[in-house]
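**Q** Residue numbers (UniProt numbering), protein chains in the order written: chain A, 1 to 380; chain B, 1 to 380.
Take a look at the following structure, please.
Protein chains: 2
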Amino acid sequence: MKFVIQRDQLMESVQHVMKAISSRTAIPILTGLKIEAKETGIKLTGSDSDISIESFIPTEDNGIVNIEQIEAGSIIVQAKYFPDIIRKLPQKTVEIITDNHLNVTIRSGNAEFHLNGQDADEYPQLPQLHTDESFELPTDLLKDLIKQTVFAVSTVETRPILTGVNMKVEEGYLNFVATDSHRLASRRIPLESQTASITFPSVVVPGKSLTELNKILEEDQESVEVSVTENQILFRTKNLYFLSRLLDGKYPETSRLIPEQSKTIVYGQTKELLQSIDRASLLAKESKNNVVRLQTKENTVLEISSNSPEVGKVVDEVTADSIEGEDLKISFSAKYMMDALKAIENDHVKIEFTGAMRPFIIRPIDNDQILQLILPVRTY
Amino acid sequence: MKFVIQRDQLMESVQHVMKAISSRTAIPILTGLKIEAKETGIKLTGSDSDISIESFIPTEDNGIVNIEQIEAGSIIVQAKYFPDIIRKLPQKTVEIITDNHLNVTIRSGNAEFHLNGQDADEYPQLPQLHTDESFELPTDLLKDLIKQTVFAVSTVETRPILTGVNMKVEEGYLNFVATDSHRLASRRIPLESQTASITFPSVVVPGKSLTELNKILEEDQESVEVSVTENQILFRTKNLYFLSRLLDGKYPETSRLIPEQSKTIVYGQTKELLQSIDRASLLAKESKNNVVRLQTKENTVLEISSNSPEVGKVVDEVTADSIEGEDLKISFSAKYMMDALKAIENDHVKIEFTGAMRPFIIRPIDNDQILQLILPVRTY
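Structure, rendered in structure tokens:
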């Protein structure tokens with residue numbers, strides 16, 4: 001194998017596939033990074049067997065030559081050293097050569113690295129997805145769907161299915177739902193006419209996979225093609241191939257958790273509320289639950305407070321845009337509320353309560369695509 | 001106690017004194033931050049008993065009023081919560097009030113915090129330095145003296161005296177020297193005529209104290225006044241008072257470590273050498289010593305290389321400005337060499353070797369105030 005490539009371009013691809021590579025894996029060869037050279041370009045692969053990422057650098061792109069002197073071949077290099085080596089090379093171009101004894105030479109300017117490689121044939125074959133059922137999503141929209149839901153997945157393994165985000169098509173909408181059973185985050189988008197016909201199974205994608213995918217996806221890529229099979233999901237852009245396993249099991253039905261009527265509705269400014277709850281939570285740092293109290297007052301005032309007997313207490317007031325319905329005193333996790341408010345993406349927020357012991361709903365005003373739900377904490 | 005103060009100004013002072021406060025201290029009250037209000041201004045104090053920092057905010061400064069409604073008094077607040085509270089207050093001004101029951105109220109806009117304070121009388125009295133022997137140093141020069149030496153202090157407690165930087169006056173120069181017995185860093189500056197007369201004991205300042213001092217000192221302060229007694233050192237700027245204990249014991253005589261003649265002299269470009277050694281050290285990540293080899297070649301070429309049998313090897317070439325004297329093969333710690341080169345502050349460097357087994361010296365060209373010394377590693 002041999003090729004000469006732009007260092008910056010190689011570096012970018014290396015950083016992408018590194019997102020899938022873990023130094024703690026049961027399969028030793030997966031600590032390596034696979035490099036394949038063909039006439040058409042260079043393909044890098046990283047995998048921890050849950051997530052597999054391929055990044056392709058085409059030999060030519062829009063008439064610009066990225067790679068020269070290609071001799072086909074493949075090798076595995078140690079992912080622990082390779083990224084730092086490429087980053088610190090002295091020149092803008094890099095030459096990479098392998099010999100018949102799995103020696104890898106990396107040359108740039110007067111710097112020359114000789115690494116012990118491994119046989120690419122020992123690298124597990126990545127599963128190829130065979131499905132016609134793929135659909136396209138604008139990249140920025142997919143990133144929003146992830147960011148607005150993935151924080152609510154469970155981080156404990158007691159119910160593994162809750163560590164994932166439920167993706168499903170329902171009534172002409174694509175839905176993303178995550179819940180750790182104390183709160184729920186959901187976002188849906190209407191399917192376009194050309195994709196509205198797809199019948200899409202309800203699948204559960206590991207939260208970790210979506211978090212990594214969101215880091216790699218660049219806004220400058222217009223769209224992502226999504227394909228689903230029984231146990232895998234593939235996200236594909238022009239030069240990126242991101243494959244994740246799906247979680248086994250049935251995702252709980254979450255729609256019945258969402259209250260249908262409300263007794264108190266608060267309209268307020270998202271940022272002001274967020275900052276007030278952040279302040280009220282400062283003294284509750286220690287306690288796991290980080291509970292704050294919200295109370296409606298006269299003249300559309302909301303009192304946000306918390307009390308940590310050993311440290312002190314805090315009382316904060318926020319003027320709501322308006323308050324409708326019954327008076328309310330309720331306690332909830334400051335962290336969950338801040339997570340939810342950050343996902344709102346609107347300057348104004350609508351919060352619907354159904355009494356102090358019932359879940360409440362946070363939405364942007366005038367937008368029913370985002371729904372955040374939080375279970376209160378019993379303190380009164 | 002009562003006062004109303006600009007939040008940003010209070011925040012800056014809080015951040016300064018926090019540098020001295022540790023949550024792990026044998027004296028519980030030192031986990032607190034002391035606030036004292038007088039007609040003239042507000043003084044904050046933090047201490048871990050090794051380092052004590054006082055930051056003063058004057059009531060008026062150049063005709064600008066910083067503090068209003070002052071009622072004299074003092075209190076201790078919990079340093080764990082106070083900085084975050086001040087940072088997140090909603091308005092630009094903060095009102096702080098205490099009552100007779102050690103309750104502290106912090107008010108800003110509609111936010112009100114009530115903290116349990118502690119009696120300021122329980123806070124240990126900071127030692128007052130009585131000495132006429134003080135001298136002034138330009139702030140940027142003191143920061144240089146620290147940065148160019150403190151990295152070389154020992155981090156192990158086997159010889160506690162080596163965890164400090166030796167400050168002494170000798171032959172009209174102020175000297176800073178640090179060594180961990182594998183390498184040595186020194187910087188000296190000529191004393192000005194007005195300070196040349198001071199007789200200054202040789203003292204050893206804990207490296208940690210100087211590191212913290214360097215973080216706090218701002219370039220916009222023109223000069224620092226330094227006072228030394230038998231067991232303490234005080235650095236004072238207009239509104240800052242930084243007191244550190246000194247290390248007990250006699251600092252080893254280091255001047256005889258420095259070779260007086262050399263057999264090989266290399267002149268080179270600092271940055272190029274640094275980057276080359278950085279690359280050569282990449283494969284040696286694992287090994288504690290992180291050893292690289294330097295070898296003189298024909299035509300003023302230096303070969304920098306390293307070899308890690310399990311990973312691979314690297315060979316890098318740097319063209320020196322010139323090489324004088326005998327051929328040389330030498331091995332040394334890449335980390336020590338990079339630390340030394342970073343302290344050089346000159347584009348060109350002079351390295352004097354006295355054979356493969358003797359310490360070698362790194363200096364900026366045309367400047368004998370900075371001297372870095374490294375002991376080689378035996379590999380041949």
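C-beta atoms are modelled at their ideal positions from N, C-alpha and C, and glycine is treated no differently.
Figure out for me which residue from P83/A, Q269/A and T300/A has the closest Cα to the Cα of G46/A.
**A** With distances taken between Cα atoms, G46/A lies closest to P83/A.
**Q** May I ask you to list the residues that DSSP assigns as paired with E60/A?
**A** Bridge partners of E60/A: V65/A.
**Q** Quick check on residue 385/A - is its C-beta less than 8 Å from some C-beta in chain B?
**A** Chain A is shown from 1 up to 380; residue 385/A falls before or after that span and cannot be answered.
**Q** Considering only the beta carbon of each residue, do V291/A and T379/A sit closer than 8 Å?
**A** Yes. Within cutoff.
**Q** Please confirm whether G312/B has its beta-carbon closer than 8 Å to some beta-carbon of chain A.
**A** Yes, contact with chain A.
**Q** Report the option in K238/A, R363/A and S209/A whose CA atom is closest to the CA atom of L268/A.
**A** Residue identity check: residue 268/A is Gly in the sequence provided, not Leu. Considering only alpha carbons, the answer is R363/A.
**Q** So, at 6 Å on beta carbons, what are the nonlocal neighbours of S154/B in its own chain, with the 5 sequence-adjacent residues on each side left out?
**A** Correct list, in chain order: L162, T163 and D180.
**Q** Distance, Cα to Cα, I97/A vs E60/A?
**A** When rounded, the distance between both Cα atoms is 20 Å.
**Q** Determine the burial state of I323/B: buried for a count of at least 16 other Cβ atoms within 10 Å of its Cβ, exposed for fewer.
**A** Buried: at least 16 other Cβ atoms inside 10 Å.
**Q** From what residue to what residue does the alpha helix (DSSP H) around residue 415/A run?
**A** Nothing can be reported for residue 415/A, as the shown portion of chain A is limited to 1 through 380.
**Q** With a threshold of 8 Å between beta carbons, is E12/A in contact with chain B?
**A** For E12/A, the answer is no, since every Cβ of chain B falls outside 8 Å of its Cβ.
**Q** With the cut-off set at 8 Å, would you say M18/B and I86/B are in Cβ contact?
**A** Result no, Cβ atoms of M18/B and I86/B do not sit closer than 8 Å.
**Q** Could you have a look at M357/A and say whether DSSP puts it in helix, strand or coil?
**A** DSSP places M357/A in coil when its eight states are reduced to three.
**Q** Can you check the region 218-293 of chain A for any beta strand (DSSP E) of at least 3 residues that lies completely inside it and give the ranges in chain order?
**A** If we require 3 residues or more, the beta strand (DSSP E) runs fully inside the region 218-293 of chain A come out as 223-228, 232-236, 240-245 and 264-269.
**Q** Are any of the Cβ atoms in chain B nearer than 8 Å to that of F113/A?
**A** Chain B contact via Cβ: present.
**Q** Leaving out the 5 sequence neighbours to the left and right, which residues in its chain are closer than 7 Å to R358/B when beta-carbon positions are compared?
**A** Closer than 7 Å at the Cβ level, and outside the excluded window around R358/B, lie P259.
**Q** Alpha helix (DSSP H) containing F82/B: first to last residue?
**A** Here the alpha helix (DSSP H) through F82/B covers F82 to R87.
**Q** With distances taken Cα to Cα, identify the nearest neighbour of H16/B among D140/B, N239/B and A340/B.
**A** Selected option, being the one with the closest Cα: N239/B.
**Q** Just the C-alpha distance for S202/A and Y123/A, rounded to the nearest angstrom, thanks.
**A** Between S202/A and Y123/A, the C-alpha separation is close to 31 Å.
**Q** Taking V204/A and N166/A to be in contact with their CB atoms under 8 Å, please state how far apart those CB atoms are, rounded to whole angstroms.
**A** 5 Å between Cβ atoms; contact.
**Q** Is A72/B closer than 8 Å to residue 391/B when the C-beta atoms are compared?
**A** This structure cannot speak to residue 391/B, because chain B is shown only from 1 to 380.
**Q** Give me the Cα-Cα distance between D347/A and S276/A, rounded to the nearest whole angstrom.
**A** Rounded to whole angstroms, D347/A to S276/A spans 15 Å at the Cα level.
**Q** Out of curiosity, what's the CA-to-CA distance linking N103/B and A280/A?
**A** Cα to Cα, N103/B sits roughly 18 Å from A280/A.
**Q** What three-state label does DSSP hand G79/B in the structure shown?
**A** Correcting the residue type first, residue 79/B is Ala in the shown sequence and not Gly. Reduced to three states, the DSSP call for A79/B is coil.
**Q** Using DSSP with H/G/I as helix, E/B as strand and the rest coil, what is N166/A?
**A** It is a strand residue.
**Q** Just verifying my parser: in three-state terms, what is the DSSP assignment at N214/B?
**A** N214/B: helix per DSSP, three-state reduction.
**Q** Can you tell me whether S255/B is buried or exposed? The criterion is at least 16 other CB atoms within 10 Å of its CB, across all chains shown.
**A** S255/B comes out exposed.
**Q** Which residues in the same chain as T354/A place their Cβ atom closer than 6 Å to its Cβ, once the five residues preceding and following it in sequence are excluded?
**A** Excluding sequence neighbours, T354/A sits near P259, S262 and K263.
**Q** Output, in chain order, the set of chain B residues within a Cβ distance shorter than 8 Å of P28/A.
**A** Neighbours of P28/A on chain B: none; closest Cβ ~13 Å, over 8 Å.
**Q** Using a beta-carbon distance below 8 Å, is K92/B in contact with chain A?
**A** False, the Cβ-Cβ gap to chain A never drops below 8 Å.
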